[in-house]
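Under this note's numbering, the first residue of the sequence shown carries the number 15, and numbering increases by one thereafter.
Even glycine gets a Cβ: it sits at the ideal position worked out from N, Cα and C.
Keep in mind that this is a model prediction, so the values were computed, not measured.
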Amino acid sequence: MTKKRFLKVYIEITNICNLKCSFCPIDNRKKEYMDVEKFEYILSQVKDYTDLIALHVKGEPLMHPKLEEILRVCEKYDMKVNITTNATRLDSVKDILINSKAVRQLNLSLHSIHENEYYMEEESEYLSKTIEAVNEILDKSQIIISYRLWNLRNINENKDNEDILLALEKAYNIENLVEVAKKNEFIEFRKNCFLNQDTEFSWPNENDPIISEVGTCQGLKTHIAILVNGDVVPCCLDQNGEIKLGNIMDDKLEDILNNDLSKNILKGFNDNKIVADLCKRCSYRLKFN
């Protein structure tokens, strides 16, 4: 079997979210849901480039009113799906996820609850419902669950998450999880269920200072992203479509990936040179340098 070009492709099925977190800046784009017909058209082009899609760039994918239909389209094209979510709607859509043959992994960004007053007030109930829904999904499917805490200042300091860790400790009978988590970024709770910790990252912005003009990135190498309006960008951190390679509703993906801008950016990454202005301001890519 021929290896496909990308490890994954991000398809943003909505840029609408029900939370407002400081670590997730407001984008300046029109708020919308991608309709199912548009999604299927995009998937018909993406299928030759990857076997795995992620249903986000910005936005909360579990809010999509046609989530079940979207997952059916993924099944039709034999596409595996990763979903990153704030988990606030997990309980209400768990049956859809369990019954889907497409869903491979759910990434639950639990750190978002500290940023939102409503969920802070109801935190205990929210965590309880989330964990209960997770365990039902694990019991009834082969879906992988990643509890994410990507808000660390450094890996040895997670005091902001102690309440969350204590709830997980009780739920999965993990002795002294708060201390264990200080020494381990990855902790398995049960089959297909684990904790994933990382330091908080900053979304690049065109107004940020230039960090460097040398280096590389995984954008256009292992992945690309397609925004809800169809704009194709090199990576999942281009929240405003500042590096618009083209629009998949106007041009074939093959043509977009082979236009001069795409080839110049990719050549730059391969030559340890940063071409796109936004990339020069991105600190996340330093992980790969």
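Arg-204 is bridged by DSSP to Cys-207.
Cβ-Cβ distances below 8 Å link Arg-167 to Thr-213, Glu-214 in the same chain, with the five nearest sequence neighbours on each side left out; the list follows chain order. Contact check for Val-71 and Glu-26: beta-carbon distance about 4 Å, within the 8 Å limit, so the pair qualifies. Ranked by how close their Cα comes to the Cα of Lys-235, the residues Asn-210, Met-48, Arg-299 have Arg-299 in first place. When secondary structure is reduced to three states using DSSP, Gly-260 falls in the strand class. With a beta-carbon spacing of about 6 Å, Ile-240 and Ile-262 fall inside the 8 Å limit used to define contacts.
By alpha-carbon distance to Leu-85, the top candidate from Gly-73, Val-107, Arg-103 is Val-107. When secondary structure is reduced to three states using DSSP, Thr-99 falls in the strand class. Judged by beta-carbon spacing, Thr-28 lies beyond the 8 Å limit of Met-93, meaning their Cβ atoms are not closer than that value. Taking 8 Å as the cut-off, the Cβ atoms of Leu-104 and Ala-147 count as close.
Beyond the five residues adjoining it in sequence on each side, Gly-255 comes within less than 8 Å, by CB distance, of Arg-43, Leu-241, Asn-243, Asp-245, Val-247 in the same chain, given in chain order. Here the alpha carbons of Phe-283 and Asp-269 stand approximately 20 Å from one another. A direct Cα-Cα distance of roughly 27 Å separates Ile-225 from Leu-21. Of the other Cβ atoms in all chains shown, 16 or more fall within 10 Å of the Cβ of Glu-74; this residue is therefore buried.
Annotated as distal: Asn-121 and Ile-145, with beta-carbon spacing of 8 Å or more. Bounds of the alpha helix (DSSP H) holding Arg-86 are 81–90. CA-to-CA, the gap between Lys-115 and Gln-156 works out to about 9 Å. By the neighbour-count criterion, in which 16 or more other beta carbons inside 10 Å mark a residue as buried, Asp-252 falls on the buried side. Here DSSP, grouped into helix, strand and coil, assigns Gly-233 to strand. The DSSP assignment places 50–60 as complete runs of the alpha helix (DSSP H) inside the stretch 28–73, in order along the chain (cut-off: 4 residues).
For Tyr-24, the uninterrupted beta strand (DSSP E) run begins and ends at 22–25, by DSSP.
Scanning its chain for C-beta atoms nearer than 6 Å, with the 5 sequence neighbours on each side dropped, one finds around Ala-68 the residues Lys-22, Tyr-24, Asn-96, in chain order. Bounds of any beta strand (DSSP E) do not take in Ser-276; it lies within the alpha helix (DSSP H) bounded by 274–284. Exclusion of the five residues before and after Tyr-47 leaves Thr-28, His-78 as the residues of its chain whose Cβ lies within less than 6 Å of its Cβ. DSSP places Asp-265 outside both helix and strand once states are collapsed to three, so it counts as coil. The alpha-carbon of Cys-38 is positioned some 21 Å away from that of Gln-119.
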